[in-house]
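Novice: To convert, note that position 56 of the sequence shown is 56 in the UniProt record's numbering; the numbers rise steadily by one, no gaps.
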Amino acid sequence: MAVVSSRRPRTPVYEAGSLKDFSPSSSHTLPPSQPSSSHLPWPLVHTLHHHLHRCWSHLGLAHARFNGYLRRR
1 MAVVSSRRPR
11 TPVYEAGSLK
21 DFSPSSSHTL
31 PPSQPSSSHL
41 PWPLVHTLHH
51 HLHRCWSHLG
61 LAHARFNGYL
71 RRR
């Protein structure tokens, strides 16, 4: 629970950075003072983001199923 809550606010920052990184203009590149090792690898970030969405959708489906089960009884 604590891991998910600490990881969730960081995703918009990485998404904004990814938009800047993938922009065609070369003026938006990161300054050399920032080491590239401080940033998480992009496939890992996207995988975690996708996994988080899959977990939430699965929880929503289970919740709807449980509500339907309660209504049938």
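Heads up, the beta-carbon is just placed ideally off N, CA and C, and yes, glycines get one too. Keep in mind the model is a prediction, meaning the values are calculated, not measured.
Please report how far the alpha carbon of residue 61 lies from the alpha carbon of residue 47, in whole angstroms.
Specialist: Stepping through the sequence shown from its first residue, residue 61 is reached at position 61. Stepping through the sequence shown from its first residue, residue 47 is reached at position 47. Their Cα atoms are separated by approximately 21 angstroms.
Novice: Residue 59 to residue 49, Cα distance in whole Å?
Specialist: Working through the sequence shown from its first residue, we reach residue 59 at position 59. Working through the sequence shown from its first residue, we reach residue 49 at position 49. Cα to Cα, the separation comes out at about 15 angstroms.
Novice: Give me the Cα-Cα distance between residue 57 and residue 42, rounded to the nearest whole angstrom.
Specialist: Position 57 of the sequence shown, counted from the first residue, corresponds to residue 57. Position 42 of the sequence shown, counted from the first residue, corresponds to residue 42. Distance between the alpha carbons of residue 57 and residue 42: 23 angstroms.
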